[in-house]
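Trainee:
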Amino acid sequence: GAVVSQHPSWVICKSGTSVKIECRSLDFQATTMFWYRQFPKQSLMLMATSNEGSKATYEQGVEKDKFLINHASLTLSTLTVTSAHPEDSSFYICSASDPGYAGYTFGSGTRLTVV
Amino acid sequence: GENVEQHPSTLSVQEGDSAVIKCTYSDSASNYFPWYKQELGKRPQLIIDIRSNVGEKKDQRIAVTLNKTAKHFSLHITETQPEDSAVYFCAASHNFNKFYFGSGTKLNVKP
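Those protein sequences? They're chains A and B, same order as listed.
According to this note's numbering, the first sequence holds residues 1 to 115 in order.
According to this note's numbering, the second sequence holds residues 1001 to 1111 in order.
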């Protein structure tokens, strides 16, 4: 089946710094990837749709200048949390759809803690 | 956009009993409804899904039903086991585009 690899699995950073999270489709090409954020004991909230070779589409209320998304190749999308603050601490998870497999595959997630 | 509501938020059952989780959706264009199981700190895992051209789907102890007219779908787990304990999320999507998730149900199966 489709495999999506996400790194790092956890990261601790100081307030004001930036953090980059990578999401890779290992055995398929993903023209579209999705980024979600999940706060403790809450649901997955769609942040943005990452489109290969074009600008990402952000959901309402998500700051595009704070959460920078780059989808430069068919197998890699990155999410950069810029000038991170403690309220950005969350579980970030990506997903992608393999055209040959009807469904979504999620990455393993990244636990971000901003201190 | 799509709005998915899920109930109950927590569900506690005795081992061997059945568990039912219900979701409603708002966008009649949604045509794909997956259910995910998520254990603490891990990625959601697809456990069963249903498309809008089907009313019911079953896979061993797990079944999903869909009522398009009423815009609701349900997850049924029979003969529950302690390892079924987790958080379950429903979701709705149009043509595998964006997925909108329900708020989650924490299922606790007591041995």
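Heads up, the beta-carbon is just placed ideally off N, CA and C, and yes, glycines get one too.
Throw me the rounded Cβ distance for the S1141 (chain B) and Y1032 (chain B) pair, which I believe falls under 8 Å.
Mentor: Only positions 1001 to 1111 of chain B appear in this structure, which leaves residue 1141 (chain B) out of reach.
Trainee: Compute the distance between the beta-carbons of S1085 (chain B) and L1107 (chain B), then report whether it is under 7 Å.
Mentor: Yes, these two residues count as a Cβ contact at 7 Å.
Trainee: I'd like to know if S1103 (chain B) contacts chain A, where contact means its C-beta is closer than 7 Å to some C-beta of that chain.
Mentor: Taking Cβ atoms only, chain A reaches closer than 7 Å to S1103 (chain B), which makes this a yes.
Trainee: Counting C-beta neighbours from all protein chains within 10 Å, is the total for P1034 (chain B) 16 or more, i.e. buried, or is it exposed?
Mentor: When all chains shown are included, P1034 (chain B) counts as buried.
Trainee: Hey, is L44 (chain A)'s beta-carbon within less than 7 Å of any beta-carbon in chain B?
Mentor: It does: the Cβ of L44 (chain A) has a partner Cβ on chain B nearer than 7 Å.
Trainee: Assuming contact is defined by CB atoms lying nearer than 7 Å, are A30 (chain A) and A96 (chain A) in contact in what I supplied?
Mentor: Yes. Within cutoff.
Trainee: Contact between the region 1060-1073 of chain B and the region 14-22 of chain A: three or more CB pairs below 8 Å?
Mentor: Contact fails: fewer than three Cβ-Cβ distances are below 8 Å.
Trainee: Relative to the C-alpha of I1021 (chain B), which candidate in B:L1011, B:S1052, B:Y1100 and B:I1048 has its C-alpha closest?
Mentor: If we check each option's Cα against that of I1021 (chain B), B:L1011 comes out closest.
Trainee: For chain A, is any of its Cβ atoms less than 7 Å away from the one on P1008 (chain B)?
Mentor: Cβ-Cβ to chain A under 7 Å: no for P1008 (chain B).
Trainee: Please list the partners that K1098 (chain B) has in chain A, where partner means a Cβ-to-Cβ separation under 8 Å.
Mentor: Chain A residues near K1098 (chain B): F34, L46 and T49.
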